[in-house]
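Residue numbers (this note's numbering), protein chains in the order written: chain V, 1 to 101; chain E, 1001 to 1626. In this text, a Cβ means the ideal position worked out from N, Cα and C, and glycines have one as well.
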Amino acid sequence: MEITLTHYLILSTLLFAIGLIGVMRRTNLLMLFFATEILLNAVNIGFAAISRYYGDLTGQMFAFFVIAIAASEVAVGLGLLIVWFKRSGGIDLTTMTSMKG
Amino acid sequence: MELYLYLALFSPLAGSLIAALFGARPKTLFTGVVTSALLGLSLVSSTILLFYILGGGAAVHVEMMTWMATGDLYIPFGFLVDQVSVTMMMVVTVVSTVVHVYSIGYMDHDKSFNRFFAWLSAFVFSMMVLVMSDNFAGLFIGWEGVGLCSWALIGFWYHKESAIWAANEAFIMNRIADLGMLIGLFLIYWNVGSLQYDRFFEAVVTLDQSVLVMIGIFLFIGAMGKSAQFPLHTWLADAMEGPTPVSALIHAATMVTAGVYLVVRANPLYEMIPEVGYFVASLGAFVAMFAASMALVNRDMKRIIAYSTLSQLGYMFVAAGLGAYWVALFHLMAHAFFKALLFLGAGNVMHAMSDELDPFKMGGLKKVMKGTWIMMTLASVALAGIWPLAGFFSKDLILEVAFVEHHYVLYTVLLLTAMLTAFYSFRLVALIFHGEERYKEYGSHPHEAYTFMLIAMSPLALLAVIAGFAFKGSYIDMVTAVLPATEYHVHSPVVFWIMVIGTQLLVGAAIAYAYKKYQNAKIDKAFEQRPCYKVLFNQYYIPHFYEEYISKPYRELSHVAWKQLDLRVVDATVDGIATLFYKTGEQTHTMQNGNLSTMLRWMVAGTVLLLALGVAFTVGISVVAG
């Protein structure tokens, strides 16, 4: 069976759904980061596949941007996470309610 | 000459602004001195302009700057000094300079001394804008400016309920009339495409008669408000609540004559519509008589003079309405001098009597107030129109105009009014200055005003005496360059002399009767019970009528609108919208529980919702288009 664009898009969608569920359900901050990474990379798959399909490099370039931004985001996020862990001794989301309205 | 024009126009403004800087401070003498000096500068500049124009100079026309320019609309700040406006400028600056100097003495003990001068100079500036503008828009700005300053000065003693009431009455009545004026201006702009005087007067001949009649009527409605003609006359008598110098300057000499000035200025228009002119003249004659009759029995010194002003304004409108514009302007000028003098004299008397206004409580004041007595008598003689004082030349001329134009009814009315005028003027003089010293019963200790106040008044006294015979010739030569130069001569010399001498005799008799009757007046209780006295004393019940049939129903209507419409519909709608947002916030603020997971779920839900909407919208568009 030949692998077509549709397959890539289905894969991308599935990964995105997994990431979304992770984002919504996880209460561990570290796991939340993982889920976010899955979301971003799901989109990257889509970009790369469509870029290849149309023979246009723009999508792949965009995927590189996303990777770079994701890396910096994780760097900052993990830094904050460590500080938070040192202060409060846990990284459970349910304990972080200082922004309660 | 442009420099003098700007000096004449802007020095009152400068004075006003300087005085306004100290407006909230306690009395500082120099505000009075500075404003008076700047007014003097304005007077000197106006005089230079007058001599320039008298010497045959061309009218000075400047365009200071553009005011409005959008599309076809172009209104500049332009000023014009021609024969008519220079006459008005002289009247305004002479009277206001005198009044300013006089006020330094009159307002001596007032704690709002500085505020008074700020407003008074601001008034003069507005009046100068009014008379000097070269277009109707600028005239309207001045028109509103004098209205505003008049409001502030009538209500100058704002702690008095009656003063505030009178100020508001004057302002509101003027606003009603100004609406008419505005409509007139819109009609002019609509039909001519410009508000410049020269453009409009050129176009007058080409316009439709009915349009001209409309414009003429609406402009005259504006004039009726400012000049307090019937039925918008009630504010003028109530405006006497203001300080007396204000009455002298605004409500006798200048602002109230703005209506006459408007008609004189728009003479090419009124030339074309003699029927409107005739209406103006008839109303003027009616008001002359009507106001004079109210002055006959009134017991308030200032109100008597105010009614007299009203009556004289009526005379001016008769002349203007009959096409004798230069006569109207001449009477305006002469009247400004002697009426301002009369008011300032009344101010002296008020000061002497500690603000007592009832002449029946005075009497015999000529012993203590010799200067004031002489000046007020002079002013009254001039007002009555006795030869050779100013009033004779201007007022008799109006009578002649009415006679020559074959309006014998108007003539008779005016003749009778002239007698009434003489009577009430000398009733006042007799009551105040002659007879027993009734004030002693009321414990007053009258004293003459400051000498400098009397000196300040003396130019007016001089003008009241000489303005007629000294200026008439050169005045006519000057203004007939721009106003229709109709000569009014009774053809037969016999008729002429009968008229002149007859009028003089009648007026003289009225004066003698007034002296005889009021020399030793006691308040006549029986006379006061007569119905005719009551009607006159209550001003024909017109203020009562306005109160009962206009103010009260209006108040009722406002009350209903407030309770039913405003509270129930407008407020309820606005409150409803506010409550909606408040309640929504109340219900949804639990979303903000600070938990990141919950927020992320809401975010996902929002994204899904937006996507769904986007899809639905796109599909919808393609279905509709498809």
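Rounded to the nearest whole angstrom, the CA to CA distance from GLY1193(E) to VAL1204(E) is 12 Å. For ALA1118(E), the uninterrupted alpha helix (DSSP H) run begins and ends at 1113-1132, by DSSP. Here PRO1359(E) carries a helix assignment [DSSP, helix/strand/coil]. PHE1617(E) is classed as exposed because its beta carbon has fewer than 16 other beta carbons within 10 Å across all chains shown. Interface with chain V (8 Å Cβ-Cβ cutoff): LEU1600(E) is included. Neighbours of LYS100(V) in chain E, taken as residues at a C-beta separation under 9 Å, are given in chain order as GLN1592, ASN1593, GLY1594 and ASN1595.
Listed in chain order, the non-local C-beta contacts of PHE1392(E) below 7 Å within the same chain comprise GLY1385, ILE1386 and GLY1468, local neighbours out to five positions each way being set aside. Below the 8 Å Cβ cutoff, chain E contributes ASN1595, LEU1596 and SER1597 as neighbours of LEU93(V), in chain order.
Between SER1282(E) and LEU1410(E), the CB-CB gap stays under 8 Å. Residues of chain V with a Cβ closer than 8 Å to the Cβ of VAL1604(E) are, in chain order, LEU20, VAL23 and MET24.
Within the same chain, LEU32, ALA35, THR36 and LEU39 come within 8 Å of VAL23(V) by CB-CB distance, once the 5 residues on both sides are set aside. Below 8 Å, enough C-beta pairs join the stretch 1323-1343 of chain E and the stretch 1371-1381 of chain E to call them touching: three or more. Cβ-Cβ separation between THR1035(E) and SER1112(E): approximately 14 Å, too far for a contact (criterion under 8 Å). Neighbours of MET96(V) across chain E, judged by C-beta separation under 9 Å: GLY1594, ASN1595 and LEU1596. VAL1060(E) and LEU1017(E) have their C-alpha atoms some 27 Å from each other. Around the CB of ALA1612(E), fewer than 16 other CB atoms lie within 10 Å, so the residue is classed as exposed.
If you draw a straight line from the Cα of VAL1260(E) to the Cα of ILE1398(E), it is about 14 Å long.
Apart from sequence neighbours up to five positions away, the residues of its chain that approach ASN1298(E) with a beta-carbon distance below 6 Å are ILE1304, ordered along the chain. ARG1568(E) counts as exposed, since fewer than 16 other beta carbons sit within 10 angstroms of its beta carbon. Cβ neighbours of ALA1266(E) within its own chain (closer than 7 Å, five residues either side excluded): LEU1219. If you draw a straight line from the Cα of LEU1080(E) to the Cα of LEU1185(E), it comes to about 19 Å. Think of a sphere of 7 Å around the beta carbon of THR27(V): the chain E residues whose beta carbon falls inside it are SER1597, in chain order. Taking a C-beta distance under 8 Å as the contact criterion, LEU1414(E) and ALA1402(E) qualify as a contact pair. According to DSSP, residue pairing for PHE1079(E) in a beta bridge involves VAL1062(E) and SER1133(E).
Between the stretch 1234-1248 of chain E and the stretch 1534-1553 of chain E, the count of Cβ pairs shorter than 8 Å is three or higher; the stretches touch. In the assembly as shown, GLY1277(E) is a buried residue. Its beta-carbon has 16 or more other beta-carbons within 10 Å.
Going by C-alpha positions, LEU80(V) is about 36 Å away from GLY1614(E).
The three-state secondary structure of THR1070(E), taken from DSSP, is strand. Distance check between GLU1441(E) and each of ALA1430(E), TYR1424(E) and PHE1360(E) places PHE1360(E) closest, using alpha-carbon atoms only.
Remark: C-beta atoms of GLU1436(E) and GLY1364(E) approach each other more closely than 8 Å.
Closest in C-alpha terms to THR97(V), from the list VAL1624(E), LEU1454(E) and LEU1596(E), comes LEU1596(E).
Taking every protein chain shown into account, the CB of ASP1082(E) has 16 or more other CB atoms within 10 angstroms, so this residue is buried. DSSP lists ASN28(V) as the beta-bridge partner residues of ASP92(V). Taking the CA atoms as reference points, GLY1138(E) sits about 41 Å from ASP1358(E).
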